[in-house]
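Residue numbers (this note's numbering): 265 to 423.
This is the structure:
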């Protein structure tokens, strides 16, 4: 499994491990300090010995480049935080379909709603569904009922 972090952060991590080894730290301590496996520390050290510092550099991320830039993603977060009412929707509820339309309208990039979910996860957002409650709900009466009526209704355990 790929470790978390940007390619630059992972490269910095590899360089730090090798630097600590050069300063005399033992591999198990280095692995514990930077939060990786012991075998990774040995691998990075061997790689550097055979191919030099250049071998520790990050490789390009495979796959198709993202269609939304970092700036556009930050802008999308601001739009989402402002809420759907500012975008012309009648309710305060974001759906994947709505977000997909907002992305298309603001950034001229089309995404299928199911892919919008992946983008939101990358941004650290999660699915949250509002709790439904009746409009007639009366908290005072509910508390009163729980305190006075419920104890008489509730079954008493027999010994």
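For every residue, glycine included, the Cβ atom is placed at its ideal position computed from N, Cα and C.
Determine the extent of the alpha helix (DSSP H) in which residue i is found, giving its start and end residues.
i, result
"residue 402", "From DSSP, residue 402 is part of no alpha helix (DSSP H); its letter is neither H nor E."
"residue 298", "291–298"
"residue 282", "271–286"
"residue 393", "Here residue 393 belongs to no alpha helix (DSSP H), and DSSP marks it neither H nor E."
"residue 386", "377–386"
Give the DSSP-derived three-state secondary structure of residue i in the structure shown.
i, result
"residue 409", "helix"
"residue 267", "coil"
"residue 422", "coil"
"residue 372", "coil"
"residue 303", "helix"
Buried or exposed for residue i, going by 16 or more other Cβ atoms inside 10 Å?
i, result
"residue 345", "exposed"
"residue 390", "exposed"
"residue 294", "buried"
"residue 413", "exposed"
"residue 378", "exposed"
"residue 338", "exposed"
"residue 406", "exposed"
"residue 428", "Past the boundaries of the shown model lies residue 428; the chain is included only from 265 to 423, so the question cannot be answered."
"residue 281", "buried"
Counting only the same chain and skipping the five closest in sequence on each side, list residues whose C-beta sits under 8 Å from that of residue i.
i, result
"residue 291", "285, 302, 305, 306, 309"
"residue 332", "340, 367, 371, 373, 383"
"residue 353", "362"
"residue 376", "364"
Excluding sequence positions up to five away, which residues of its chain have a Cβ less than 7 Å from the Cβ of residue i?
i, result
"residue 349", "356"
Check whether the Cβ of residue i sits closer than 7 Å to any heavy atom of the ligand MG, and report yes or no.
i, result
"residue 329", "By its list of ligands, the structure shown contains no ligand whatsoever, and the ligand MG lies outside what it can speak to."
Residue ranges of each alpha helix (DSSP H) within the stretch 306–365, 4 or longer
Correct list: 334–346.
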